[in-house]
Every structure is written in structure tokens, then in C-alpha cells.
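Visitor:
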Ligand code: KIV
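In the working numbering, the protein residues as written are 114 to 389.
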């Protein structure tokens, strides 16, 4: 039994300069693998839409989708903090944000994440008033900036609003902020100015933790973002295994002698008598 990661752990890790690890997770077996690897935050991201459900973009993801996948992941998580995304449109008002967050918590989430700065401050206060920890998300925010993968914060004005937004989220009480596709120097400066940790994706080495989208890391997607790193080539492994199965069945090489169940000779004779 390892140590449980709770919301307060993230801040402690920042202050101990212990980098926070976070990965997206959409199903039970992957949650078990991530637990075994010691991932700190197991995250049911709305990237489930593109990576698992075959949607065109994050805006198609529903609360129903997030609840279904949060429940599956919950069954595999024991020590990590289970974080779930609030999908597009689910936190438009403070009341809906609080109600939908409660649904995610009932499904097993221990904290929820939403995208945006000033415009989500009311939603955040609604969620926190229910005692639910919130993680913010700034920089590139896929729910509202669909299609573009551009760096956010590489212009002085943008960088300034990113810093202001981060400080506003911290004042509002979020436990951490995901910084997506922010130039390294800006992400580092923001991280230094905050008491709460930043968790970067495509934001360089100055963040207090790193998050990646698991199918990217595992090599399941053809397209690899510049910031991402492939730690495996599951696409090749899976393609090879499926093709070999098809070949062996078509070629009468599977199943073989080792893959069958036997019946004793006297039982077989009895059966043959029974059917005449
Ligand atoms: O849903 C997701 O995968 C995310 C990551 C990009 C952090 O929000």
C-alpha cells in the first residue's frame, strides 16, 4: 500500500521540489498500470472524446461520457488523486458547475478541472462552496480554442493576462493549474509567482509537474505534438497482434492443441450413445 495523494499533497510536493506526475486515463486497466507506475494524479480528461470515443473535438464530450469513464477509472485507482474534467458547457453557471462537479465526485473523482481564467471564477467558487477541490487550466484551452494548437503567452499582452489569470485562479482557491503550450520562460515565471503548483503540458521545464495524454505517450496516435514524447510504440504492437490473429485463424494455425478443452473417452462414448 503506497501513500495516498490528496489535494494538499500537491502543494507539499511543490514546496519539496518533487515533480508532480499526471497522465490522462480513460479506463480501468490503464488506471491499474498507472497506479503500479506510481503516477501521482490520474486524470480523466475530456480528451477521452478524441482518443477513445472517436469524436471530432472536445466540445462533443458530455457529462454522461465523463461519468462513465470516471467510474471505470475509479475502480483501478487506489493511491493516486483521481481528477476528472468538467466537459464543455457543464460549468456555464455557478450552480451547474457545482451540480456537475458533485456528479463527478459521486462517480469517484476527488477533484475536478475546468478551463479558463476570469470567466470561470464564479463557477470555481460554486464548486469550492460544495467542498470539491478544483484544478484550473490556462494557456491553450482546447474546449474554447478548438483546432489550433498554437502557443499561448508568446506575446507580452497574452503572457500578462496568463499571469493575471493564474493569480486570480489561485486567489479563487484552485489547488493547481494546468498550463498548456505556454513558452517555457513564461510558465517558469508563473510557477515561481504561485504558491500552488503548475502542471505543464508543452510548457517546458519550469513547471512543478508534467501531464501528458496517455495515447500520445504510448504511441497510439499517428500525430505527435512537438512537446509530447513517445515512451512506447503500442500502435505497432497492437497492429502486429491483430494481424497475426487474423493470419493464424485463416491459416488454421489457431487454435492449436494447447488451446482446447478435452472430454474423457467414456463421457464421449456416453454422449454418442445418447445422440444415437
Ligand atoms: O483532456 C486533456 O487531456 C487535458 C490535457 C491536455 C491536460 O486537458
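C-beta atoms are modelled at their ideal positions from N, C-alpha and C, and glycine is treated no differently.
This one's a predicted model, so the numbers in the text were calculated from it and none came from an experiment.
Are the beta-carbon atoms of residue 332 and residue 345 separated by less than 9 Å?
Guide: Translated into positions along the chain shown, residue 332 becomes position 219. Translated into positions along the chain shown, residue 345 becomes position 232. Yes, the Cβ-Cβ distance between residue 332 and residue 345 is below 9 Å.
Visitor: Comparing the CB of residue 388 with every heavy atom of the ligand KIV, is any distance shorter than 8 Å?
Guide: Numbered from its first residue, the chain shown carries residue 388 at position 275. Result no, Cβ not under 8 Å from the ligand KIV.
Visitor: Less than 8 Å between the CB of residue 126 and some heavy atom of the ligand PLP, yes or no?
Guide: Because the ligand PLP does not appear in the structure shown, any question about it cannot be addressed here, the ligands present being the ligand KIV.
Visitor: Whose CA, out of 240, 199, 129, 187, lies closest to the CA of residue 159?
Guide: Your numbering for residue 159 matches position 46 in the chain shown. It is 199 whose Cα lies nearest to the Cα of residue 159.
Visitor: Scan the region 226-260 and note each continuous beta strand (DSSP E) run of 3 residues or more that stays entirely inside, going in chain order.
Guide: 247-252
Visitor: Quick one: using the 10 Å Cβ neighbour count with 16 as the cut-off for buried, is residue 223 buried or exposed?
Guide: Within the chain shown, residue 223 is the residue found at index 110, counting from 1. Residue 223 is buried by the Cβ-count criterion.
Visitor: For residue 153, which residues from the same chain have a beta carbon less than 8 Å from its beta carbon, with the 5 sequence-adjacent residues on both sides left out?
Guide: One-based indexing of the chain shown puts residue 153 at position 40. Same-chain partners within the cutoff: 118, 122, 123, 126, 133, 134, 135, 193, 194, 322.
Visitor: Strictly by DSSP, which residues pair up with residue 156?
Guide: On the chain shown, residue 156 is found 43 positions in, with the first residue counted as 1. Paired residue(s): 137, 196.
Visitor: Once DSSP output is grouped into helix, strand and coil, what is the label at residue 300?
Guide: Here the question's residue 300 lines up with position 187 in the chain shown. Helix at residue 300.
Visitor: For residue 293, which three-state DSSP category applies?
Guide: Stepping through the chain shown from its first residue, residue 293 is reached at position 180. Strand, per DSSP.
Visitor: According to DSSP, what are the bridge partners of residue 325?
Guide: Within the chain shown, the letter at position 212 stands for residue 325. Note: residue 325 sits in a beta bridge opposite 136.
Visitor: Tell me residue 311's beta-bridge partners as DSSP assigns them.
Guide: Along the chain shown, read from residue 1 onward, the residue named residue 311 stands at position 198. Partner(s): 290.
Visitor: Specify the secondary structure class of residue 378 as computed by DSSP and reduced to three states.
Guide: Numbered from its first residue, the chain shown carries residue 378 at position 265. Three-state result, residue 378: helix.
Visitor: Would you call the region 218-233 and the region 245-254 in contact, with 3 or more CB pairs under 8 Å?
Guide: yes
Visitor: Grab me the residues of residue 173's own chain with a C-beta within less than 6 Å of its C-beta, minus the 5 sequence neighbours each way, in chain order.
Guide: As a first step, residue 173 must be located in the chain shown, where it is residue number 60. Excluding sequence neighbours, residue 173 sits near 162.
Visitor: In whole angstroms, what is the alpha-carbon distance linking residue 341 and residue 300?
Guide: Along the chain shown, read from residue 1 onward, the residue named residue 341 stands at position 228. Along the chain shown, read from residue 1 onward, the residue named residue 300 stands at position 187. Cα to Cα, the separation comes out at about 16 Å.
Visitor: What does residue 224 pair with, by DSSP beta-bridge criteria?
Guide: Position 111 of the chain shown, counting from 1, holds the residue named residue 224. Residue 224 is bridged to 196.
Visitor: Out of 297, 347, 170, 156, which one is the CA nearest neighbour of residue 196?
Guide: On the chain shown, position 83 is the one that residue 196 refers to. Nearest option by C-alpha distance: 156.
Visitor: Should the region 233-248 be called in touch with the region 263-279, which here means at least 3 C-beta pairs below 8 Å?
Guide: no
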